[in-house]
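Beneath this line is the structure, given in structure tokens, with notes to follow.
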Amino acid sequence: MNQNDFFEPIARVSQLALRLLPHLTASVVVIIAGLLLGWFVRVLVSRLLALLRFDLLCDRLGISAMLARGGLATRPSRLTGGLFGGIIVVTATLLSLASLDTDLANSLLTRFGNFLPTVFTAVVIFIGGVLAAKFLQRGVLIALVNAEIAGARIVSGAAGIGVMAFVMAVALEQLGIGARIVTTAFAILFGGVVVALSISFGLAGRDMARSFLERHLAQRKDGDSDGVSHL
Amino acid sequence: MTGPVLDPNLHGELQAIGSSDIVVGIPSWNNAKTIGHVVSAVDAGLRKYFPERRSLIVNSDGGSKDGTPDAAMKAVVDEQALLLARHPLHPVHRLTTLYRGIPGKGSALRTIFQVARRLQAKACAIFDSDLRSITPEWVELLVRPVIEQGFDYVAPYYLRHKFDGTITNNIVFPLTRALYGRAIRQPIGGDFGFSGRLIASYLEKDVWDSDVARFGVDIWLTTVAVAERHRMCQAYLGAKVHDPKDPGADLSEMLMQVVGSVFDLMETYERAWSTGQESESLPLFGFHFHVGTEPVNVDTGRMQRAFVLGIRELASVYGQLFTSNGLWARLQQCGTEGAERGRLNDDLWAALIYDFALAHHRRVLPRTHLLKSLTPLYLGRVASFVANHGESSSDEVEASLQELCTAFRRLKGNFIQRWREPARKGGHP
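These protein sequences, in sequence, are chains A and B. Residue numbering for the first sequence follows the working numbering, beginning at 1449 and increasing consecutively. Residue numbering for the second sequence follows the working numbering, beginning at 148 and increasing consecutively.
Okay, here's the thing in structure tokens:
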């Protein structure tokens, strides 16, 4: 083993390190700057919105209540500030990756860039789906209770779960995660549940269905079945 | 909004009539059985009490399949039986037209108002087409205060069975009175008198594509008149007997439109009600007499079951909207013990309605969900009311409604305070 064999790898690594060092430094600086800027923007936007009575506006528009219902018990001004800050931090992270200028970083960045619209669409589908499922579930619950049908919570819960399952299948398909398996599994599950319910209700609940329909039609025929003229 | 709603075929007829001092409108939809009587009574009333005035009866129909417009046009008046003191100087014109817009009474009234304005009417009265107890005197009572006393709005004052008009008695009357400080006993009575000035004001509003176009129109007419400080009075009409409402009409839909209209109007007229007026009674015209009312057989069992089911199944919904201290806990207790034992009392009911108004204002839930979730609680209140007043006379029930109004008035100050506060985070009981 000669001297060159020993020093050559060290020299190569040193050269690589020296070549990467400015990029690495720049990357760290960008991240730190991004974090600082993100924090500053978060605070600035939050305070500015609070001063402009943005929270009151959101209260009036029902946005605060909607956020609370979704488990986000934060004031809308702080949430919006956090969102802006987060965007700055994510952007800084991407910039810091780009500043490394390595094949791996560039490849990651390209893939991330290509994947971003898909993720965004999936997130939008998911959020929209959650809201739709909740709306439908509550609507079914109230309608069934007003129709004086027992077990309204179970039926409305099933309706909500059904919508959520559908939304999850669509969102996962959008992300390309086991697209075929998810779609097929959903179709089998949904079809299976519908067939099982139809058969079980048809076989076991014929009399119940008949009696319900008879009662319902009789009520409509008699008008206000409680005998009161409400208006 | 004053957009064109009149049928083009109507223009020629209106041109031939030229002008009219009094326009009486009768909205209808499949009322062939009763509209003849209503038109005859109105025609007789116009001939007998306003012989020197030019007058017109307008039937605004929603596309009836049972020949309602024909029945309206062919209704006869026996002049000899009227014992007229003076022969009419002008004929009483009649016309019938199909209204345009959302199917409902509001759209029908819009057409009538358009006709009244076109003919420069000094007074306009409207009557429901399902009335069985209308007499010619009703026309005089609703029109004369406008023509001769300068009133802009005349509300009906009926004698009704103690359990008739439960939405009126338990929600609309006490709430309107507490908010706007005017004791209008039948704010959604259905038969009213208006001045030409007030009609012009109604037509200027951009509401005709909302719930106002349907069940919400009566409370809208009243609230606009009261909130905009028009001159108002009431006319004693005696008993109100009418055909049963459309059996297919869904209670929760009806409740949503009426109560939703009241809540919407609270947003529009916040300044008018939030200044805390004292309650003021209105002049009451007409000779007060007692008549028997048709008996009403009430099935409280069904209402009671609906209430208990609602409290049990809708806990997740109610938990979000009640913000008064301890209200939800007290309602749950009622759900366990049963509303008909009189637990859903005046204070509890008034607090509940105010909490619904607040939740509507803050948009705690989607509007339809919020308003439709009131149905089981309303049925619980009616069951409770019926149980408490099973043996009471009509006068005793009236007195108890005054107590309900007092409960609404007592809680109004706190309600105004909460209305002005920003929404509390998760402020549930």
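Think of the CB as a built atom: it goes at the ideal place given N, C-alpha and C, for glycine as much as any other residue.
8 angstroms CB neighbourhood of Cys380/B in its chain, flanking five on each side removed:
Along the second sequence, one-based indexing puts residue 380/B at 233. Closer than 8 angstroms at Cβ, skipping near neighbours: Pro292, Gln296, Phe298, Tyr300, Val301, Ala302, Leu429, Pro430, Leu431 and Phe432.
Quick one: measure Cβ to Cβ for Ala179/B and Asp213/B, integer angstroms, because I've assumed they're closer than 8 angstroms.
Taking the first residue of the second sequence as 1, we reach residue 179/B at position 32. Taking the first residue of the second sequence as 1, we reach residue 213/B at position 66. So it is a contact: roughly 4 angstroms between Cβ atoms.
Could you spell out where the beta strand (DSSP E) holding Phe341/B opens and where it closes?
On the second sequence, residue 341/B is found 194 positions in, with the first residue counted as 1. Note, Phe341/B: beta strand (DSSP E), Phe339 to Ser342.
Short of 7 angstroms Cβ to Cβ, which residues in the segment 1552-1584 of chain A face chain B?
Phe1583
Short of 8 angstroms Cβ to Cβ, which residues in the segment 305-330 of chain B face chain A?
Phe310, Asp311, Gly312, Thr313, Ile314 and Thr315
Can a CB atom of chain A be found closer than 8 angstroms to the CB of Arg509/B?
In the second sequence, residue 509/B corresponds to position 362, counting from 1. At least one chain A Cβ lies under 8 angstroms of Arg509/B.
Can you tell me the Cα-Cα spacing of Arg200/B and Ser399/B, whole angstroms?
Within the second sequence, the letter at position 53 stands for residue 200/B. Within the second sequence, the letter at position 252 stands for residue 399/B. Roughly 43 angstroms separates the two Cα atoms.
Report buried or exposed for Ala1743/A, applying the criterion of at least 16 other Cβ atoms within 10 angstroms of its Cβ.
In this structure chain A extends from 1449 to 1679, so residue 1743/A is not present and cannot be described.
Selected residue, minimal CA-CA separation from Ala228/B, among Gly253/B, His240/B, Ala191/B and Arg241/B:
Looking up residue 228/B in the second sequence gives position 81. Looking at the Cα atoms, Ala191/B is the closest of the given residues.
For His377/B, which beta-bridge partners are listed by DSSP?
As a first step, residue 377/B is located in the second sequence; it is residue number 230 there, counting from the start. Per DSSP, none; premise fails for His377/B.
Quick one: what's Asn206/B bridged to in DSSP?
To locate residue 206/B, count along the second sequence from 1; it is residue 59. For Asn206/B, which the question treats as bridged, DSSP gives the partners Ile173/B and Thr243/B.
In this structure, does DSSP put Leu153/B in helix, strand or coil?
On the second sequence, position 6 is the one that residue 153/B refers to. In this structure, Leu153/B counts as coil in the three-state DSSP scheme.
Would Met403/B pass as an interface residue toward chain A - the criterion being a Cβ-Cβ separation below 8 angstroms?
Taking the second sequence and counting its residues from 1, the one referred to as residue 403/B is at position 256. Not one chain A Cβ lies under 8 angstroms of Met403/B.
For Arg510/B and Gly1653/A, the rounded distance between their alpha carbons:
For the purposes of this step, residue 1653/A is taken as residue 205 along the first sequence, with counting starting at 1. For the purposes of this step, residue 510/B is taken as residue 363 along the second sequence, with counting starting at 1. Answer to the nearest angstrom: the Cα atoms are 40 angstroms apart.
Give the interface partners of His1678/A over in chain B, defined as CB-CB distance under 7 angstroms, in chain order.
Here residue 1678/A refers to the residue found at position 230 of the first sequence. Simply Thr313, Ile314, Leu398 and Met401.
For Pro140/B, which residues in the same chain have their Cβ closer than 7 angstroms to its Cβ, ignoring the five residues on either side in sequence?
Since the first and last residues shown for chain B are 148 and 576, residue 140/B lies out of range.
Since Leu412/B and Phe555/B are thought to touch, with beta carbons under 8 angstroms apart, how far apart are those beta carbons, to the nearest angstrom?
Counting from 1 along the second sequence, the entry for residue 412/B is found at position 265. Counting from 1 along the second sequence, the entry for residue 555/B is found at position 408. Contact flag wrong, Cβ pair sits at about 16 angstroms.
Identify which residue in Arg233/B, Ser187/B and Ser202/B has its Cα closest to the Cα of Val224/B.
For the purposes of this step, residue 224/B is taken as residue 77 along the second sequence, with counting starting at 1. Checking every option, the nearest Cα to that of Val224/B belongs to Ser187/B.
For Glu199/B, name the three-state secondary structure that DSSP assigns.
Locating residue 199/B in the second sequence gives position 52, where the first residue counts as 1. Note: Glu199/B maps to coil in three-state DSSP.
Top-ranked residue by Cα proximity to Ala163/B, from Gly340/B, Ala347/B, Arg528/B and Val262/B
Taking the first residue of the second sequence as position 1, residue 163/B is located at position 16. Taking only the C-alpha atoms, the option nearest Ala163/B is Val262/B.
Verify whether the separation of the beta carbon atoms of Val1593/A and Gly457/B is less than 8 angstroms.
The sequence position of residue 1593/A within the first sequence is 145, counting from 1. The sequence position of residue 457/B within the second sequence is 310, counting from 1. Closer than 8 angstroms, so yes.
Spatially closest choice to Val171/B from Ser202/B, His507/B and Thr181/B, by CA coordinates:
Here residue 171/B refers to the residue found at position 24 of the second sequence. Of the listed residues, the one whose Cα sits closest to Val171/B is Ser202/B.
Mapping DSSP to helix, strand and coil, what is Glu538/B?
Within the second sequence, the letter at position 391 stands for residue 538/B. Residue state, collapsed to three classes: coil.
C-beta contact flag for Ala462/B and Pro523/B at 8 angstroms
Locating residue 462/B in the second sequence gives position 315, counting from the first residue. Locating residue 523/B in the second sequence gives position 376, counting from the first residue. No, the Cβ-Cβ distance between Ala462/B and Pro523/B is not below 8 angstroms.
Beta-carbon of Lys180/B versus every beta-carbon of chain A: anything under 8 angstroms?
Position 33 of the second sequence, counted from the start, is the residue given in the question as residue 180/B. So, not an interface residue.
Thinking C-beta only, is Ile366/B closer than 8 angstroms to Pro334/B?
Sequence index remark: in the second sequence, residue 334/B carries index 187 (1-based). Sequence index remark: in the second sequence, residue 366/B carries index 219 (1-based). Yes; because the gap between Cβ atoms is below 8 angstroms, this pair is in contact.
Under the three-state DSSP convention, the category Val359/B falls into:
Here residue 359/B refers to the residue found at position 212 of the second sequence. The answer is helix: DSSP assigns Val359/B an H, G or I state.
So what does DSSP say about Ala270/B, is it helix, strand or coil?
Position 123 of the second sequence, counting from 1, holds the residue named residue 270/B. DSSP places Ala270/B in strand when its eight states are reduced to three.
Within 8 angstroms (strictly less), CB to CB, does Val1603/A reach chain B?
One-based indexing of the first sequence puts residue 1603/A at position 155. False, the Cβ-Cβ gap to chain B never drops below 8 angstroms.
Residues in its own chain within less than 8 angstroms of Gly395/B by CB, not counting five upstream and five downstream?
Here residue 395/B is taken as the residue at index 248 of the second sequence, counted from 1. Caution is warranted here: a pLDDT of 49 is assigned to Gly395/B, below 50, making its placement in the model unreliable, and the coordinate value is therefore given only provisionally. Cβ within range, chain order: n/a, list empty.
Name the chain B residues whose beta carbon is nearer than 7 angstroms to that of Ala1513/A?
As a first step, residue 1513/A is located in the first sequence; it is residue number 65 there, counting from the start. By Cβ distance, chain B contributes Arg509, Arg510, Val511 and Ala570.
Using 8 angstroms as the threshold, is the C-beta distance between Leu1679/A and Met450/B below it?
In the first sequence, the residue the question calls residue 1679/A occupies position 231. In the second sequence, the residue the question calls residue 450/B occupies position 303. No. Outside cutoff.
Any idea if Phe1568/A is buried or exposed, counting beta-carbon neighbours within 10 angstroms, 16 or more meaning buried?
Taking the first sequence and counting its residues from 1, one reaches residue 1568/A at position 120. Answer is exposed; the Cβ neighbour count stays below 16.
Listed in chain order, which residues of the segment 1455-1487 of chain A have Cβ atoms closer than 7 angstroms to some Cβ of chain B?
none
Comparing alpha-carbon positions, which option in Arg418/B, Ser276/B and Leu242/B lies nearest Leu326/B?
Counting from 1 along the second sequence, the entry for residue 326/B is found at position 179. Closest option to Leu326/B, Cα to Cα, is Arg418/B.
Taking 7 angstroms as the line, does the beta carbon of Gly337/B fall inside it for any heavy atom of the ligand FMN?
Summarising the ligand content, the structure contains no ligands, and the ligand FMN is consequently not present.
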